[in-house]
Amino acid sequence: MYAITIPEPGGPEALVWAEVPDPVPSDGEVLVEVAASAVNRADLLQRQGFYDPPPGASPYPGLECAGRIVALGPGVSNWAVGDEVCALLSGGGYASMVAVPVGQLLPVPGGVSLPEAAALPEVTCTVWSNVFMIAHLRPGETVLVHGGSSGVGTMAVQLAKAVGARVAVTAGSAEKLERCAELGADILINYREQDFVAELRAATDGHGADVILDLMGAKYLEPNVRALAVNGRLAVIGMQGGTKGELNLGALLAKRGAVTATSLRARPADEKAAIVAAVREHVWPLLSDGRVRPVVDRTLPMREAGQAHRVLDESTHVGKVVLTL
Numbered sequence: 001m002y003a004i005t006i007p008e009p010g011g012p013e014a015l016v017w018a019e020v021p022d023p024v025p026s027d028g029e030v031l032v033e034v035a036a037s038a039v040n041r042a043d044l045l046q047r048q049g050f051y052d053p054p055p056g057a058s059p060y061p062g063l064e065c066a067g068r069i070v071a072l073g074p075g076v077s078n079w080a081v082g083d084e085v086c087a088l089l090s091g092g093g094y095a096s097m098v099a100v101p102v103g104q105l106l107p108v109p110g111g112v113s114l115p116e117a118a119a120l121p122e123v124t125c126t127v128w129s130n131v132f133m134i135a136h137l138r139p140g141e142t143v144l145v146h147g148g149s150s151g152v153g154t155m156a157v158q159l160a161k162a163v164g165a166r167v168a169v170t171a172g173s174a175e176k177l178e179r180c181a182e183l184g185a186d187i188l189i190n191y192r193e194q195d196f197v198a199e200l201r202a203a204t205d206g207h208g209a210d211v212i213l214d215l216m217g218a219k220y221l222e223p224n225v226r227a228l229a230v231n232g233r234l235a236v237i238g239m240q241g242g243t244k245g246e247l248n249l250g251a252l253l254a255k256r257g258a259v260t261a262t263s264l265r266a267r268p269a270d271e272k273a274a275i276v277a278a279v280r281e282h283v284w285p286l287l288s289d290g291r292v293r294p295v296v297d298r299t300l301p302m303r304e305a306g307q308a309h310r311v312l313d314e315s316t317h318v319g320k321v322v323l324t325l
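In case it helps, full-length UniProt numbering puts the sequence shown at residues 1 to 325.
This is the structure:
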């Protein structure tokens with residue numbers, strides 16, 4: 001098969017389309033012929049040499065894909081050759097074929113194309129596991145989504161609205177905020193021009209955010225705690241703003257707040273399977289009836305993965321960038 005390889009870490013030019021050995025499905029796995037994959041910031045870190053795949057995972061980038069099952073490994077009986085699926089991966093999505101544990105497979109939702117489906121597994125699993133399974137966002141609560149126009153952000157806005165929450169977002173331009181509003185965001189904050197803590201508190205009559213979904217990490221840790229409501233929950237899912245910050249425990253105690261930090265890629269297979277099952281139960285019906293939709297900024301041929309990485313580096317996109325075969 002062919003895959004995007006990384007002979008040496010570096011810039012987008014380090015991504016090389018090359019012929020590599022075919023994967024072979026192990027017990028409890030299926031072989032998927034990839035029609036599309038999607039780009040995540042973790043892929044950029046892997047390209048730069050900062051985020052190696054977990055032990056035993058494919059060495060090629062790509063944390064999600066969509067395609068068709070072409071072979072079943074031993075012990076697989078609940079899927080069939082020819083099924084159209086999308087999948088959460090530990091790696092290997094930037095390739096023409098990938099072996100996937102059955103617990104990480106999802107059927108393609110009705111009315112969703114394969115390229116659109118490739119943009120779903122990582123964002124739906126990230127949002128559902130953090131905002132709902134861990135932070136327990138409830139109807140009527142306020143959630144603050146940093147990077148509301150990102151792939152994760154656009155899904156978080158839609159899922160939060162679908163359960164009846166009030167949604168605040170930060171983004172870096174009026175155009176991106178407008179797109180967030182189209183998806184249902186209620187409070188729009190331009191982080192380049194406004195203090196998000198002050199704007200959020202003004203818009204919520206001083207209440208703040210019951211849940212915050214944060215991809216910045218250290219840079220936003222202190223203001224995020226200030227933005228929390230009493231009994232608020234801060235879910236950290238990224239470190240774009242650094243890895244080390246100062247946490248005022250007194251401020252957190254005064255709010256009876258909670259801070260969690262998770263990653264998805266390195267979780268054990270059984271934990272991933274539980275998240276995927278919850279997403280299939282709760283999110284897939286919303287996709288099938290059109291209340292939630294994948295947001296795809298653009299599609300590019302997989303051979304042009306370097307260009308897709310440049311798009312993410314420039315942060316001009318809204319939603320996901322998809323690679324197609």
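Heads up, the beta-carbon is just placed ideally off N, CA and C, and yes, glycines get one too.
Considering only C-alpha positions, which residue in the set the options is nearest to residue i?
{"i": "residue 116", "options": "325, 197, 90, 294", "result": "294"}
{"i": "residue 237", "options": "280, 204, 221", "result": "221"}
{"i": "residue 114", "options": "243, 173, 66", "result": "66"}
{"i": "residue 83", "options": "89, 69, 73, 90", "result": "69"}
{"i": "residue 309", "options": "9, 2, 41, 18", "result": "41"}
{"i": "residue 273", "options": "29, 1, 12", "result": "29"}
{"i": "residue 174", "options": "163, 162, 192", "result": "192"}
{"i": "residue 109", "options": "285, 254, 12", "result": "285"}
{"i": "residue 56", "options": "265, 162, 45", "result": "265"}
{"i": "residue 312", "options": "194, 262, 197, 43", "result": "43"}
{"i": "residue 3", "options": "216, 62, 53, 252", "result": "62"}
{"i": "residue 315", "options": "14, 112, 147, 78", "result": "147"}
{"i": "residue 223", "options": "195, 202, 152, 205", "result": "195"}
{"i": "residue 329", "options": "296, 7, 271, 292", "result": "Given that the chain is displayed from residue 1 to residue 325, the structure contains no residue 329 and the question cannot be resolved."}
{"i": "residue 22", "options": "201, 64, 71, 261", "result": "71"}
{"i": "residue 263", "options": "251, 197, 122", "result": "122"}
{"i": "residue 216", "options": "73, 64, 153", "result": "153"}
Give the C-beta separation of residue i and residue j to the nearest angstrom, bearing in mind that I take them to be a contact with Cβ-Cβ under 8 Å.
{"i": "residue 214", "j": "residue 234", "result": "6 Å"}
{"i": "residue 5", "j": "residue 20", "result": "7 Å"}
{"i": "residue 257", "j": "residue 218", "result": "With a Cβ gap of about 17 Å, residue 257 and residue 218 do not count as contacting."}
{"i": "residue 9", "j": "residue 48", "result": "5 Å"}
{"i": "residue 92", "j": "residue 60", "result": "5 Å"}
{"i": "residue 276", "j": "residue 104", "result": "6 Å"}
{"i": "residue 35", "j": "residue 325", "result": "6 Å"}
{"i": "residue 342", "j": "residue 208", "result": "Nothing can be reported for residue 342, as the shown portion of the chain is limited to 1 through 325."}
{"i": "residue 280", "j": "residue 106", "result": "6 Å"}
{"i": "residue 54", "j": "residue 90", "result": "5 Å"}
According to the Cβ coordinates, are residue i and residue j closer than 9 Å?
{"i": "residue 99", "j": "residue 37", "result": "no"}
{"i": "residue 128", "j": "residue 269", "result": "no"}
{"i": "residue 80", "j": "residue 32", "result": "no"}
{"i": "residue 317", "j": "residue 298", "result": "yes"}
{"i": "residue 160", "j": "residue 131", "result": "yes"}
{"i": "residue 39", "j": "residue 321", "result": "yes"}
{"i": "residue 76", "j": "residue 135", "result": "no"}
{"i": "residue 165", "j": "residue 137", "result": "yes"}
{"i": "residue 225", "j": "residue 169", "result": "no"}
{"i": "residue 283", "j": "residue 126", "result": "no"}
{"i": "residue 305", "j": "residue 323", "result": "yes"}
{"i": "residue 178", "j": "residue 187", "result": "no"}
{"i": "residue 1", "j": "residue 97", "result": "yes"}
{"i": "residue 12", "j": "residue 240", "result": "no"}
{"i": "residue 111", "j": "residue 290", "result": "yes"}
{"i": "residue 181", "j": "residue 145", "result": "no"}
{"i": "residue 319", "j": "residue 296", "result": "yes"}
{"i": "residue 95", "j": "residue 58", "result": "yes"}
Taking the alpha helix (DSSP H) that residue i falls in, what are its first and last residues?
{"i": "residue 224", "result": "218-227"}
{"i": "residue 121", "result": "121-127"}
{"i": "residue 244", "result": "First-last for residue 244: undefined, no H or E at that position."}
{"i": "residue 8", "result": "Segment: none, residue 8 is in no alpha helix (DSSP H) and carries neither H nor E."}
{"i": "residue 197", "result": "196-203"}
{"i": "residue 116", "result": "114-118"}
{"i": "residue 344", "result": "Any question about residue 344 goes unanswered here, given that the chain covers just 1 to 325."}
{"i": "residue 250", "result": "249-254"}
For the beta strand (DSSP E) containing residue i, list its first residue and its last residue.
{"i": "residue 101", "result": "97-101"}
{"i": "residue 293", "result": "No beta strand (DSSP E) contains residue 293, which DSSP labels as neither H nor E."}
{"i": "residue 159", "result": "That residue, residue 159, is in no beta strand (DSSP E); its alpha helix (DSSP H) goes 151-162."}
{"i": "residue 53", "result": "Per DSSP, residue 53 belongs to no beta strand (DSSP E) and is neither H nor E."}
{"i": "residue 36", "result": "29-38"}
{"i": "residue 134", "result": "Residue 134 -> no beta strand (DSSP E), and no H or E assigned at all."}
{"i": "residue 304", "result": "Note, residue 304: premise wrong, no beta strand (DSSP E); not H, not E."}
{"i": "residue 24", "result": "It is not in any beta strand (DSSP E) - residue 24 carries neither H nor E in the DSSP assignment."}
{"i": "residue 71", "result": "64-72"}
{"i": "residue 346", "result": "With the chain running from 1 to 325 in the structure shown, residue 346 is simply not present."}
{"i": "residue 87", "result": "84-88"}
Within 9 Å of any Cβ in chain C, is that where the Cβ of residue i sits?
{"i": "residue 268", "result": "This model lacks chain C altogether, as it is built from one protein chain only."}
Can you pull the DSSP bridge partners for residue i?
{"i": "residue 316", "result": "Answer is none; residue 316 lacks a bridge partner."}
{"i": "residue 189", "result": "170"}
{"i": "residue 140", "result": "Bridge partners of residue 140: none, in fact."}
{"i": "residue 214", "result": "236"}
{"i": "residue 261", "result": "236"}
{"i": "residue 323", "result": "37, 300"}
{"i": "residue 17", "result": "4"}
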